[in-house]
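Convert by adding 3 to the 1-based position in the sequence shown; the result is the number in the working numbering. Glycine included, every Cβ here is placed at the ideal spot set by N, Cα and C.
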Amino acid sequence: MIQPPPLNTAELQAMDRAHYLHPFTDHKALGAQGTRIIERAEGIWLWDSDGNRILDAMAGLWCVNVGYGRTELAEAAYRQMLELPYYNSFFQCANPPAVRLASAIADIAPAHMNRVFFAGSGSEANDTVLRMVRRYWDLKGQPQKKTVIGRINGYHGSTVAGASLGGMKPMHAQGDLPIPGIVHIPQPYWFGEGGEQSPEDFGIWAAQQLEAKILELGVDQVAAFIAEPIQGAGGVIVPPATYWPEVKRILDAYEILLVVDEVICGFGRTGEWFGSQYYDLTPDLMPIAKGMTSGYLPMGGVIVSDRVADTLIEEGGEFFHGYTYSGHPVAAAVGLENLRILRDERIVDYVRKDAAPYLQERIAGLIDHPLVGEVRGVGLLGALELVSDKTRRARFAGDGRAGGLCRDICVRNGLVMRAVGDTMIMSPPLIISRAEIDQLVELIWRCLDLTAAALKE
Ligand code: PMP
Numbered sequence: 004m005i006q007p008p009p010l011n012t013a014e015l016q017a018m019d020r021a022h023y024l025h026p027f028t029d030h031k032a033l034g035a036q037g038t039r040i041i042e043r044a045e046g047i048w049l050w051d052s053d054g055n056r057i058l059d060a061m062a063g064l065w066c067v068n069v070g071y072g073r074t075e076l077a078e079a080a081y082r083q084m085l086e087l088p089y090y091n092s093f094f095q096c097a098n099p100p101a102v103r104l105a106s107a108i109a110d111i112a113p114a115h116m117n118r119v120f121f122a123g124s125g126s127e128a129n130d131t132v133l134r135m136v137r138r139y140w141d142l143k144g145q146p147q148k149k150t151v152i153g154r155i156n157g158y159h160g161s162t163v164a165g166a167s168l169g170g171m172k173p174m175h176a177q178g179d180l181p182i183p184g185i186v187h188i189p190q191p192y193w194f195g196e197g198g199e200q201s202p203e204d205f206g207i208w209a210a211q212q213l214e215a216k217i218l219e220l221g222v223d224q225v226a227a228f229i230a231e232p233i234q235g236a237g238g239v240i241v242p243p244a245t246y247w248p249e250v251k252r253i254l255d256a257y258e259i260l261l262v263v264d265e266v267i268c269g270f271g272r273t274g275e276w277f278g279s280q281y282y283d284l285t286p287d288l289m290p291i292a293k294g295m296t297s298g299y300l301p302m303g304g305v306i307v308s309d310r311v312a313d314t315l316i317e318e319g320g321e322f323f324h325g326y327t328y329s330g331h332p333v334a335a336a337v338g339l340e341n342l343r344i345l346r347d348e349r350i351v352d353y354v355r356k357d358a359a360p361y362l363q364e365r366i367a368g369l370i371d372h373p374l375v376g377e378v379r380g381v382g383l384l385g386a387l388e389l390v391s392d393k394t395r396r397a398r399f400a401g402d403g404r405a406g407g408l409c410r411d412i413c414v415r416n417g418l419v420m421r422a423v424g425d426t427m428i429m430s431p432p433l434i435i436s437r438a439e440i441d442q443l444v445e446l447i448w449r450c451l452d453l454t455a456a457a458l459k460e
């Protein structure tokens with residue numbers, strides 16, 4: 004193999020500026036500032052091209068569940084590439100890793116979910132969801148049941164269907180989204196939107212918006228409700244304890260499908276294999292991606308309940324839907340090895356019994372910082388709300404400026420956390436040790452001090 008000649012940071016930045024259009028990026032601002040080039044990683048740590056070591060409290064983009072540097076995953080990919088780098092799953096074909104991965108996922112999924120449709124990403128998985136949900140009701144003789152109810156500030160991807168199912172207003176504003184047949188209800192975000200209600204009352208209110216919307220549209224028009232167990236990109240929004248039980252009551256009363264988007268919560272993030280198990284939900288479809296391969300290769304999919312799969316299979320004939328990379332053998336081999344690591348090393352148990360209680364206990368202490376108005380989290384997800392006055396849940400002026408400032412200070416001090424407005428969020432690799440959690444919390448505290456000082460200037 005011929006290695007390309009090494010480039011230094013300035014050379015890479017110049018090339019990047021000239022040629023590389025990044026996702027979710029203001030290119031003018033980035034061009035002025037220069038990209039940060041991440042060169043290598045190990046465990047929970049990243050190194051940039053200037054040799055800085057950074058604690059990755061986001062597991063990449065919520066995906067590197069088993070941590071960086073697992074040679075078994077590289078070896079699984081290498082072996083599979085030599086054996087069979089690609090073949091499709093169309094035309095009555097399959098490949099061994101894809102078959103085995105579907106079976107292995109069925110083993111860990113809720114008992115009523117036994118089949119997997121493979122895609123290349125979380126967004127593609129949600130495109131599949133929309134097609135599958137509508138196909139299901141067509142086959143059930145109710146083709147008018149087409150509307151999917153999502154939530155404002157939910158995130159389900161960036162393709163046309165993904166962005167439509169999601170409820171991100173800035174995304175909808177670019178390109179006439181959502182597409183027809185997708186509507187949104189309020190989110191269960193008590194800190195931001197709960198007003199004077201208690202979290203419990205607000206949770207019930209937010210859930211009842213689903214019922215109100217179903218009744219407004221007519222249940223004969225509604226195909227499905229889609230939601231993340233805990234909203235990730237929206238700001239690690241942990242719903243009040245009353246929310247999911249009330250949603251379940253409503254779903255039991257009306258005949259619509261439940262789509263639980265497990266792209267972030269799946270594969271151990273909450274201390275259960277899936278967020279649906281954490282909240283005791285019975286989904287009809289579960290889109291997955293990210294932790295499915297720990298991000299080592301791109302892969303997504305939809306785990307399908309027997310109710311939906313049996314209808315598609317028994318009554319459906321050909322479903323005109325699929326992707327070139329559905330069931331990609333190399334991604335599947337990595338997914339299989341990733342599942343083996345999660346299972347054999349009891350990583351999900353470790354999250355539930357050890358890492359998550361410890362992380363939640365340690366970050367809860369950050370409420371003593373003057374900038375922090377709320378700390379919340381489940382499993383290895385966490386969020387801090389930055390406030391100007393913690394007695395009143397009062398935000399800083401500037402619409403996210405405090406969060407942006409805090410995020411930049413974090414990076415300069417060796418920590419990746421993400422800012423969603425003024426909410427600082429984290430989602431570290433599941434293998435983070437107690438000592439590393441201590442390091443993380445110390446770093447956060449220091450960065451909050453620096454942010455408080457910078458905000459005073
Ligand atoms: N669903 C959820 C809940 C997500 O968090 C994401 C990505 N952050 C997606 C879907 C889309 O996944 P992808 O970026 O792989 O298309």
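May I ask you to report which of helix, strand or coil DSSP gives Trp50?
Three-state result, Trp50: strand.
Looking at Leu261: is its Cβ nearer than 7 Å to the Cβ of Pro286?
The answer is yes: Cβ separation under 7 Å.
Out of Arg82, Gly46, Pro88, which one is the CA nearest neighbour of Asn463?
The requested residue 463 is not part of the displayed model; the chain covers only 4 to 460.
Kindly identify the DSSP beta-bridge partner or partners of Val390.
DSSP lists no partner for Val390.
Closest to Arg137 by CA distance: which of Trp193, Ile435, Ile233, Gly184 is it?
Of the listed residues, the one whose Cα sits closest to Arg137 is Gly184.
Taking the alpha carbon of Ala335 as the point to measure from, which residue in Phe323, Gly123, Arg134 has its own alpha carbon closest?
When only C-alpha atoms are compared, the closest one is Gly123.
Answer yes or no: the CB of Val163 versus the heavy atoms of ligand 1, is any distance below 6 Å?
Not so, every heavy atom of ligand 1 lies at least 6 Å from the Cβ.
Which residue marks the beginning of the beta strand (DSSP E) containing Ile229, and which one marks its end?
First-last of the beta strand (DSSP E) with Ile229: 225-230.
How about Gly125: is its Cβ closer than 6 Å to a heavy atom in ligand 1?
Gly125 Cβ: within cutoff of ligand 1.
Give the DSSP-derived three-state secondary structure of Met171 in the structure shown.
Of the three classes helix, strand and coil, the one that applies to Met171 here is coil, per DSSP.
State the Cα-Cα distance for the pair Pro9 and Ala44, rounded to the nearest angstrom.
About 18 Å.
Look up Met1 in the DSSP assignment and say whether it is helix, strand or coil.
The question about residue 1 has no answer here: the residues shown for the chain are numbered 4 through 460.
Report yes or no: do three or more beta-carbon pairs, one from the segment 225-238 and one from the segment 147-158, lie closer than 8 Å?
These segments touch.
Which residue from Arg449, Leu418, Ile434 puts its Cα closest to that of Asp51?
Checked all of Arg449, Leu418, Ile434; the closest Cα to Asp51 is Leu418.
If you drop the 5 nearest sequence neighbours on each side, which residues of the same chain put their C-beta closer than 8 Å to that of Gly319?
For Gly319, where only same-chain residues beyond five positions count, the Cβ hits under 8 Å are Arg138, Leu142.
Can we count Ala230 as close to ligand 3, meaning its CB is less than 6 Å from some heavy atom?
In the structure shown, ligand 3 is absent; the only ligands present are ligand 1.
Is Val263 near ligand 1, with its Cβ less than 6 Å from a heavy atom?
Flag unset: Cβ of Val263 not near ligand 1.
Would you say the beta carbon of Val266 is closer than 6 Å to some non-hydrogen atom of ligand 1?
Yes, Cβ of Val266 sits closer than 6 Å to a heavy atom of ligand 1.
To the nearest angstrom, how far is the alpha carbon of Ala32 from that of Pro7?
Their backbone Cα atoms lie some 29 Å apart in a straight line.
Leu383 and Leu433: beta carbons closer than 7 Å?
It is a contact, given that the beta carbons lie within the stated cut-off.
Only counting the same chain, and skipping five residues up and downstream in sequence, which positions put a Cβ closer than 7 Å to that of Pro100?
Once the five neighbours on either side are set aside, the close Cβ partners of Pro100 are Gln83, Pro332, Ala335, Ala336, Leu339.
Count the CB pairs spanning the segment 50-65 and the segment 86-102 that are closer than 8 Å, and state whether there are at least three.
Taking 8 Å as the limit for Cβ pairs, the verdict is that the segment 86-102 does not touch the segment 50-65.
Note down, in chain order, each residue of its chain lying with its Cβ closer than 8 Å to the Cβ of Glu203, except the 5 sequence neighbours on either side.
The answer, listed in chain order, is Pro243, Ala244, Thr245.
I need the straight-line Cα distance from Asp264 to Trp208, nearest angstrom please.
If you take the alpha carbons of Asp264 and Trp208, they lie about 22 Å apart.
Have a look at Tyr353 and Ile435 and give me their C-alpha separation to the nearest angstrom.
If you take the alpha carbons of Tyr353 and Ile435, they lie about 10 Å apart.
Given 6 Å as the limit, tell me if His25 has its C-beta closer than that to any heavy atom belonging to ligand 1.
No; taking the cut-off as 6 Å, the Cβ of His25 has no heavy atom of ligand 1 nearer than that.
Just to confirm before moving on: does the CB-CB distance between Gly153 and Gly170 stay below 7 Å?
It is a contact, given that the beta carbons lie within the stated cut-off.
For Arg56, tell me which candidate among Ala210, Val414, Ala438, Arg449 has the shortest Cα-Cα distance.
Here the closest residue by C-alpha is Val414.
The alpha helix (DSSP H) with Gly403 in it runs from where to where?
It is not in any alpha helix (DSSP H) - Gly403 carries neither H nor E in the DSSP assignment.
Do you know whose CA, among Ala21, Thr426, Phe27, Glu42, lies nearest Ala35's CA?
The residue with the shortest Cα to Cα distance from Ala35 is Ala21.
I want to check one thing, is the minimum distance from the CB of Ala422 to the heavy atoms of ligand 1 below 6 Å?
For ligand 1, not one heavy atom lies less than 6 Å from the Cβ of Ala422.
Express the C-alpha separation of Asp223 and His187 in angstroms, rounding to a whole number.
Approximately 17 Å between the Cα atoms of the pair.
Count the other CB atoms within 10 Å of the CB of Thr314; is the residue buried (16 or more) or exposed (fewer)?
Buried: at least 16 other Cβ atoms inside 10 Å.
Secondary structure at Arg398, three-state DSSP: helix, strand or coil?
The answer is coil: DSSP assigns Arg398 none of H, G, I, E or B.
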